[in-house]
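The structure under discussion appears below in the form of structure tokens.
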Amino acid sequence: MSKQRTMAVLTEINETSERAAFGSIHHFCEELAAYARKRGLFFYVSSPALYLEGVGYQWTESGWGKRDVPPADVVYNRLHSRKLERSPLFAELLARLAEENGMMFNHRFLHKWEVHCHFERHEYLHPHLPKTALWSGQHTLEAFLDAFPSVFLKPIYGSQGRGIFCLQHSDDGICLRHSTSASTAVYRSMDALDSALRQQIRTPMIIQQGLELRTLDGRPVDFRLLCHRARHNDWRVTSAVARVAPPDQFVANLARGGELMAVNDVLRKWYTRADAFQQKQLLKEIALESAAVLASEAEGLYGEFGVDLAIDIHGQPWIIEVNTKPSKQTDMAASYQSVRPSAKAIIDYSLTLMEEKE
């Protein structure tokens, strides 16, 4: 009798309440469990510590139940902590997986600078890459501010729009805004600006060309395209949404109060029907190329990326960011009765990996 195929989701689990909770991906895990059952897959959710003990949570009609579980053939890494991914516990889990001939995809977080370096090696992506460098102090800052009307400083390990600085020229000097603050500070000299930044920044940063993005009612817009791997390096877009920044803010992340809209609704406000269709196709093409490049360049196995794109006032699409652990709040839609396409794609890819291994 053949062994049942087994898949696990690896994430942080809150076990302090009466029921186990999986944070922001809790509902998504229920969808994965429902579709895994349809595909004849043994499915459970575990944490690094629980996995090493052979324990996980399995979905039943009465909810998530804790039980002994077999080793997984495939593990989908949805840990939210970079620190945990760098821990001895995670290293032990990877060693155990190797011993058991298991596989893990979405191997680890990729930070912003390494993503940019991977992209830079592919010339066909160059027209869509904002000028980017590692921030190394006043010299870099001056060079970028001399070249561009606005500049962004972003933490290389940042997410959800946190810790981003926007710097813009004004008649009074350089305006400095922060993604989590409504206030603006103005600095008349580079020395004063550099000193202020050094006091506030405690983490490696990239410095990036500012873009004149298309807006809705003066609010910047970007697009999150969720890409999933079918097999080898064959990728497809499973969902696409537009995110509109809150009034008076320069980031559109939902965590910062951004608003979701349908991509078609936004593009039709800017373009004719034919041009809107062409722009949407171009966004999809760039997202798929981005996913394929990262999957081939980055160490480890990846089956899912959230690619953030934006369009400037000249109609040029730009790659803003790529997420290796994309939010599950952006592809929720009323049309998904029970299991959304991205959940099905995760299960289907896991089964493909198992088939290729057998």
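All residue numbers in the sequence shown are consecutive under my numbering, ending with 587. We put the beta carbon where it would ideally sit given N, CA and C, even for glycine. Quick caveat: nothing in here was measured; it's all calculated off a predicted structure.
Give me whichever residues DSSP pairs with residue i in a beta bridge.
i	result
K383	I435
P546	I540
Y305	V238, F334
Q287	G294
V473	V450, E488
D504	None, per the DSSP bridge assignment.
N552	G535
V466	C456
N243	A250
C258	Partner(s): none; C258 has no beta bridge.
A414	L405
Q397	S379, C404
A362	I436
F272	M236
L442	D541
Report the CB separation of residue i from residue j in whole angstroms; it is logged as a contact under 8 Å.
i	j	result
L354	E518	6 Å
L405	A539	So it is not a contact: roughly 22 Å between Cβ atoms.
W676	R248	There is no way to answer for residue 676, as the model of the chain reaches only from 230 to 587.
L370	I436	7 Å
A520	V492	The pair is not a contact, with the Cβ atoms about 17 Å apart (cut-off 8 Å).
S276	T240	7 Å
L523	V344	7 Å
A516	V536	4 Å
P176	H357	Outside the shown range of the chain, which is 230 to 587, sits residue 176, and nothing can be said about it.
A265	M236	6 Å
What is the rounded straight-line gap between the Cα of residue i and the Cα of residue j?
i	j	result
E488	E587	44 Å
M419	Q367	7 Å
F373	L422	14 Å
L308	H340	15 Å
I542	L445	12 Å
Y500	I254	35 Å
P555	Q438	24 Å
S412	K295	48 Å
A562	M490	Caution applies to A562, whose pLDDT of 48 falls short of 50 and renders its modelled position unreliable; the value that the coordinates give is listed next. Rounded to whole angstroms, A562 to M490 spans 11 Å at the Cα level.
G269	H461	23 Å
L396	S579	43 Å
N243	A503	48 Å
V450	Q233	46 Å
G392	K509	30 Å
V568	S316	33 Å
F251	F377	43 Å
F257	K557	7 Å
V514	A362	The sequence given here places Glu at residue 514; Val does not occur at that position. So the two alpha carbons sit approximately 25 Å from each other.
R427	K312	24 Å
H407	P359	20 Å
Q429	D375	23 Å
E585	R443	44 Å
W342	Y273	34 Å
M230	S291	Any reading at M230 is ruled out, since the residue's pLDDT is 41, under 50, leaving its predicted position unreliable.
S424	P433	16 Å
E352	D297	49 Å
L511	W364	31 Å
F506	Y280	46 Å
Return the residue from the list the options that minimises the CA-CA distance to residue i.
i	options	result
V473	G283, R453, T467, A237	R453
P570	C346, A459, E329	A459
K383	F338, R431, P356	R431
T553	E314, R337, Q510	R337
G329	V304, E343, F348, G269	The identity of residue 329 in the sequence shown is Glu, whereas the question assumes Gly. If we check each option's Cα against that of E329, V304 comes out closest.
D401	A414, R443, S408, S579	A414
P299	V284, K312, R311, R465	V284
R417	S399, L426, P433, Q428	S399
S525	L582, D463, F257	D463
L582	Y280, T361, Q428, D302	D302
R465	F534, K360, F377	F534
K498	K312, A471, E514	A471
F271	S424, V238, L426, K312	V238
L326	I403, E282, S408	E282
S310	S291, S388, D297, Y280	S388
With 8 Å set as the bound, which would you pick, yes or no: does the beta-carbon of residue i sit closer than that to a beta-carbon of chain D?
i	result
K232	In summary, chain D is missing from the structure at hand, where a single protein chain is found.
Check whether the stretch 520-539 touches the stretch 330-340, counting contact only when three or more Cβ pairs, one atom from each stretch, lie closer than 8 Å.
Between the stretch 520-539 and the stretch 330-340 there are three or more C-beta pairs closer than 8 Å, enough to call the two in contact.
Three or more C-beta pairs under 8 Å: does that hold for the stretch 260-274 against the stretch 565-583?
yes
Segment contact flag, the stretch 311-326 with the stretch 341-351, C-beta cutoff 8 Å, min 3 pairs
no
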